[in-house]
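Engineer:
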Amino acid sequence: MAYSEKLIDHYENPRNIGSFDKTAGDVGTGLVGAPACGDVMKLQIKVGADGLIEDAKFKTFGCGSAIASSSLVTEWVKGKTIDEAEAIKNTDIARHLALPPVKIHCSVLAEDAIKAAIADYRAKAAKKDDKADAAE
Amino acid sequence: MDHFARLGLPAALDLDAAALDRAYFALQRQWHPDRFVSRSPEERARASAEAASLNEAYRTLKDPLSRAFYMAERAGVELPGDGKTIDDPDLLMEAMEAREALHDAETLEAVDTLAADARQDVRKALAGLASLFLANDRAAIRKTLLRLRYLDKFAEEARARRMNIERSTS
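Protein sequence lines, in the order shown, are assigned to chains A and B.
To convert a position in the first sequence, counted from 1, into this note's numbering, add 778.
To convert a position in the second sequence, counted from 1, into this note's numbering, add 101.
This is the structure we're talking about:
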């Protein structure tokens with residue numbers, strides 16, 4: 779099977795591998811898995827005071843397409859608002875990396891991971907607001 | 102016909118391996134194509150269909166993990182198929198930490214220790230499943246099977262890691 783140059787590049791030189799402190803208030807963590815293939819993906823965003831995603835990290839145990847999909851997403855979300863990042867579709871990822879049809883599910887995993895990271899960030903932010911209200 | 106019924110065995114997770122083999126080999130002789138060479142085309146077709154489903158039943162039930170998945174399907178437990186994702190944090194955190202430990206393991210001994218721990222987890226999970234099937238607790242069965250799938254994947258990755266280490270030290 780022929781893989782695209784972009785896919786191979788992200789697989790061989792993955793961007794933004796690593797972790798942030800998941801307990802930090804400005805960090806959102808998404809942890810998702812695809813049990814059918816045994817893949818597990820962690821994707822984290824760090825949101826600045828201006829509401830823009832200033833950094834992103836990932837750690838993926840899975841096939842090359844899953845690694846490339848998560849690497850690409852961490853690059854894409856940087857500098858975006860969380861609403862913009864939430865609008866990323868798996869089809870955009872699959873098209874950019876020219877994923878073969880049998881690997882489309884890897885891009886679904888990456889989309890679900892960024893959505894989960896955003897949901898986690900929002901839940902934390904809401905909690906912080908509650909605390910601020912309670913303190914008033 | 103269900104795989105257990107095909108082999109004339111009770112539908113149980115803790116199937117006796119010797120009884121399974123005996124049932125399979127006896128039926129396999131009964132439906133062997135050599136015994137049907139002089140029969141009508143219909144009978145020959147029937148025998149070869151029986152032999153094929155017998156083989157499938159045996160293959161499915163022989164391996165404890167595959168047997169567990171088959172029993173779950175029979176019990177109507179829905180498992181996520183290809184392209185479906187899950188977000189169970191306990192399960193995924195365990196899988197992530199195990200894979201990180203394997204990634205960091207640099208000696209055969211370290212890999213073997215992790216693999217042995219995982220095998221122990223598989224045995225415990227399978228042992229716990231029997232009572233879940235008796236109670237028909239679908240949610241708990243599903244959770245255990247998802248965990249088993251990750252443990253099985255871990256075993257596969259541990260074998261690959263082992264080969265890599267062997268290759269790089271020889």
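Virtual Cβ for every residue (Gly too), placed ideally from N, Cα, C.
The structure displayed is predicted, hence computed values, not measured ones.
#1: Are the C-beta atoms of R250 (chain B) and some chain A residue less than 8 angstroms apart?
#2: Using a Cβ-Cβ cutoff of 7 angstroms, what residues of the stretch 187-205 of chain B are near chain A? List them in chain order.
#3: Where does A113 (chain B) land, buried or exposed, given buried means 16+ other C-beta within 10 angstroms?
#4: Could you list which residues in chain B have their beta carbon closer than 9 angstroms to that of V830 (chain A), in chain order?
#5: Could you tell me if S167 (chain B) is buried or exposed, where buried requires 16 or more neighbouring beta carbons within 10 angstroms of its beta carbon?
#6: In angstroms with no decimal places, state the Cα-to-Cα distance between S782 (chain A) and P878 (chain A).
#7: Who does M819 (chain A) pair with in a DSSP beta bridge?
#8: Name, please, each residue of chain B whose Cβ falls closer than 9 angstroms to the Cβ of A834 (chain A).
#9: Going along chain A, which residues have a C-beta under 9 angstroms from G225 (chain B)?
#10: Less than 8 angstroms between the CB atoms is what I'm expecting for A169 (chain B) and L116 (chain B), so what's the real figure, rounded?
#11: By a C-beta neighbour count over all protein chains shown, 10 Å radius and 16 as the cutoff for buried, is P813 (chain A) buried or exposed?
#12: Scan the stretch 105-136 of chain B and note each continuous alpha helix (DSSP H) run of 4 residues or more that stays entirely inside, going in chain order.
#13: In angstroms, rounded to a whole number, what distance separates the CA positions of G857 (chain A) and I866 (chain A)?
#14: In this structure, does DSSP put E72 (chain B) in helix, strand or coil?
#15: Using DSSP with H/G/I as helix, E/B as strand and the rest coil, what is T270 (chain B)?
#16: So which residues of chain B does D890 (chain A) contact, with C-beta pairs closer than 7 angstroms?
#17: At a CB-CB cut-off below 7 angstroms, which residues of chain B make contact with H883 (chain A)?
#18: Mind checking who L877 (chain A) pairs with in its DSSP beta bridge?
#19: Output needed in chain order: residues of the stretch 812-830 of chain A with a Cβ under 9 angstroms from some Cβ in chain B.
#20: May I ask you to list the residues that DSSP assigns as paired with K225 (chain B)?
#21: Using alpha carbons as the reference points, say which of A:V810, A:A827, A:S849 and A:A844 lies closest to F836 (chain A).
#22: Between the stretch 893-904 of chain A and chain B, which residues of the former have CB atoms less than 9 angstroms from a CB of the latter, in chain order?
#23: Under the assumption that T838 (chain A) contacts I845 (chain A) (Cβ atoms under 8 angstroms), give the Cβ distance between them as a whole number of angstroms.
#24: Once DSSP output is grouped into helix, strand and coil, what is the label at I795 (chain A)?
#25: Compare the beta carbon distance of R243 (chain B) and L180 (chain B) with 8 angstroms and say whether it is the shorter of the two.
#26: Where does D833 (chain A) sit, in a helix, a strand or coil, going by DSSP?
#27: Which residues of chain A have a Cβ atom closer than 7 angstroms to the Cβ of K254 (chain B), listed in chain order?
#28: Assign G177 (chain B) to buried or exposed, taking buried as 16 or more other Cβ atoms, counted over all protein chains shown, within 10 Å of its Cβ.
#29: With a threshold of 8 angstroms, are at least 3 pairs of Cβ atoms found where one atom belongs to the stretch 155-167 of chain B and the other to the stretch 116-134 of chain B?
#30: Quick one, which of A:K824, A:A780, A:A895 and A:T869 has its alpha-carbon nearest C884 (chain A)'s?
#31: Closest Cβ-Cβ distance between L247 (chain B) and chain A: below 8 angstroms?
Structural biologist: Let me lay it out:
#1: The count along the second sequence starts at 1 and reaches residue 250 (chain B) at position 149. Yes, because at least one Cβ of chain A sits closer than 8 angstroms to the Cβ of R250 (chain B).
#2: When CB distances to chain A are screened at a threshold of 7 angstroms, the residues of the stretch 187-205 of chain B falling below it are I187, D188, P190, L193, M194, A196, M197 and R200, in chain order.
#3: Looking up residue 113 (chain B) in the second sequence gives position 12. Burial call: exposed.
#4: As a working mapping, residue 830 (chain A) is identified with position 52 in the first sequence. According to the sequence displayed, residue 830 (chain A) carries Leu and not Val. In chain order: nothing, as chain B lies at least about 25 angstroms away.
#5: The residue given as residue 167 (chain B) occupies position 66 in the second sequence. Its Cβ having fewer than 16 others within 10 Å, S167 (chain B) is exposed.
#6: Position 4 of the first sequence, counted from the first residue, corresponds to residue 782 (chain A). Position 100 of the first sequence, counted from the first residue, corresponds to residue 878 (chain A). In this structure, the straight-line span from the alpha carbon of S782 (chain A) to that of P878 (chain A) is close to 9 angstroms.
#7: Residue numbering aside, residue 819 (chain A) sits at position 41 when the first sequence is read from its first letter. M819 (chain A) pairs with A:V810 and A:T838.
#8: The residue labelled residue 834 (chain A) in the question sits at position 56 within the first sequence. Those within 9 angstroms of A834 (chain A) in chain B number zero; the least Cβ separation is about 17 angstroms.
#9: One-based indexing of the second sequence puts residue 225 (chain B) at position 124. In the sequence as presented, Gly is not what sits at residue 225 (chain B); that position holds Lys. Chain-order list of chain A residues neighbouring K225 (chain B): empty, with the shortest C-beta distance near 19 angstroms, by a criterion of under 9 angstroms.
#10: Within the second sequence, numbered from 1, the residue matching residue 169 (chain B) stands at position 68. Within the second sequence, numbered from 1, the residue matching residue 116 (chain B) stands at position 15. Between A169 (chain B) and L116 (chain B), the beta carbon gap of about 11 angstroms keeps them out of contact (Cβ cut-off 8 angstroms).
#11: For this step, residue 813 (chain A) is matched to residue 35 along the first sequence. Counting Cβ neighbours within 10 Å, P813 (chain A) comes out buried, since at least 16 surround it.
#12: Taking 4 residues as the shortest admissible run, the stretch 105-136 of chain B contains the following complete alpha helix (DSSP H) segments, listed from N- to C-terminal end: 118-131.
#13: In the first sequence, the residue the question calls residue 857 (chain A) occupies position 79. In the first sequence, the residue the question calls residue 866 (chain A) occupies position 88. Computed Cα separation, rounded: 14 angstroms.
#14: For chain B, the structure presents residues 102 to 271; residue 72 (chain B) sits outside this window and is missing.
#15: Counting from one through the second sequence, the residue named residue 270 (chain B) turns up at place 169. Three-state DSSP puts T270 (chain B) in a helix.
#16: Indexing the first sequence from 1 puts residue 890 (chain A) at position 112. The contacting residues are T186.
#17: Position 105 of the first sequence, counted from the start, is the residue given in the question as residue 883 (chain A). Correct list: D183 and G184.
#18: Here residue 877 (chain A) refers to the residue found at position 99 of the first sequence. According to DSSP, which records beta bridges pairwise, L877 (chain A) is partnered with nothing at all.
#19: For the stretch 812-830 of chain A, the set of residues with a beta-carbon nearer than 9 angstroms to any beta-carbon of chain B comprises A812, P813, A814, C815, G816, D817, V818, M819 and K820, in chain order.
#20: Taking the first residue of the second sequence as position 1, residue 225 (chain B) is located at position 124. Answer is none; K225 (chain B) lacks a bridge partner.
#21: Numbered from 1 along the first sequence, position 58 holds the residue referred to as residue 836 (chain A). Closest option to F836 (chain A), Cα to Cα, is A:S849.
#22: Those residues of the stretch 893-904 of chain A that come within reach of chain B (Cβ to Cβ, closer than 9 angstroms) are A894.
#23: In the first sequence, the residue the question calls residue 838 (chain A) occupies position 60. In the first sequence, the residue the question calls residue 845 (chain A) occupies position 67. Indeed they touch by this definition, with Cβ atoms about 5 angstroms apart.
#24: Your numbering for residue 795 (chain A) matches position 17 in the first sequence. Here I795 (chain A) sits in strand by DSSP.
#25: For the purposes of this step, residue 243 (chain B) is taken as the residue at position 142 of the second sequence. For the purposes of this step, residue 180 (chain B) is taken as the residue at position 79 of the second sequence. In this structure, the beta-carbon distance from R243 (chain B) to L180 (chain B) falls below 8 angstroms.
#26: Your numbering for residue 833 (chain A) matches position 55 in the first sequence. Correct three-state label for D833 (chain A): strand.
#27: In the second sequence, counting from the first residue as 1, residue 254 (chain B) sits at position 153. Simply G816.
#28: Taking the second sequence and counting its residues from 1, the one referred to as residue 177 (chain B) is at position 76. Under this definition G177 (chain B) is an exposed residue.
#29: The stretch 155-167 of chain B is in contact with the stretch 116-134 of chain B.
#30: Looking up residue 884 (chain A) in the first sequence gives position 106. For the options A:K824, A:A780, A:A895 and A:T869, the alpha carbon positioned closest to that of C884 (chain A) is the one of A:T869.
#31: In the second sequence, residue 247 (chain B) corresponds to position 146, counting from 1. Yes, because at least one Cβ of chain A sits closer than 8 angstroms to the Cβ of L247 (chain B).
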